[in-house]
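*Asks:* Numbering (our numbering), first residue to last: 281 to 375. Even for Gly, the Cβ is constructed at its ideal location relative to N, Cα and C. Here it is: the structure, laid out below.
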């Protein structure tokens, strides 16, 4: 266990302290899922990326495909989008 808190995190919860306030892990998951949807990722793949359990019992029982390659693509799309946003922020920041 760490004896010192990670930098830029709340001591109480470990929540990242980012501009705009404290963000919870749920906030980051929701933002990532929203961005994936905006990038055209299918809802079913987003749910798999979030590790949500299929609510439909029949689908959960009979459709066992894990969509690993589709999940990998979704994570790559999100990563590329985040990198683009970071690069945009760097170019727009006054020197």
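Is it right to say residue 338 is buried, meaning 16 or more other beta carbons lie within 10 angstroms of its own, or is it exposed?
*Replies:* Exposed is the call here.
*Asks:* Taking the alpha-carbon of residue 325 as reference, which of 360, 372 and 349 has the nearest alpha-carbon?
*Replies:* 349
*Asks:* Which of the three DSSP states is assigned to residue 359 in this structure?
*Replies:* helix
*Asks:* Can you name, in chain order, every residue of its own chain whose Cβ lies under 7 Å from the Cβ of residue 330, other than the five neighbours on each side?
*Replies:* 309 and 313
*Asks:* Name the two residues that bound the continuous alpha helix (DSSP H) containing residue 314.
*Replies:* 305-318
*Asks:* Using the DSSP secondary-structure output, state which residues sit across from residue 301 in a beta bridge.
*Replies:* 298
*Asks:* Am I right that residue 321 and residue 354 are in contact with their C-beta atoms under 8 Å? What's the rounded C-beta distance?
*Replies:* 4 Å
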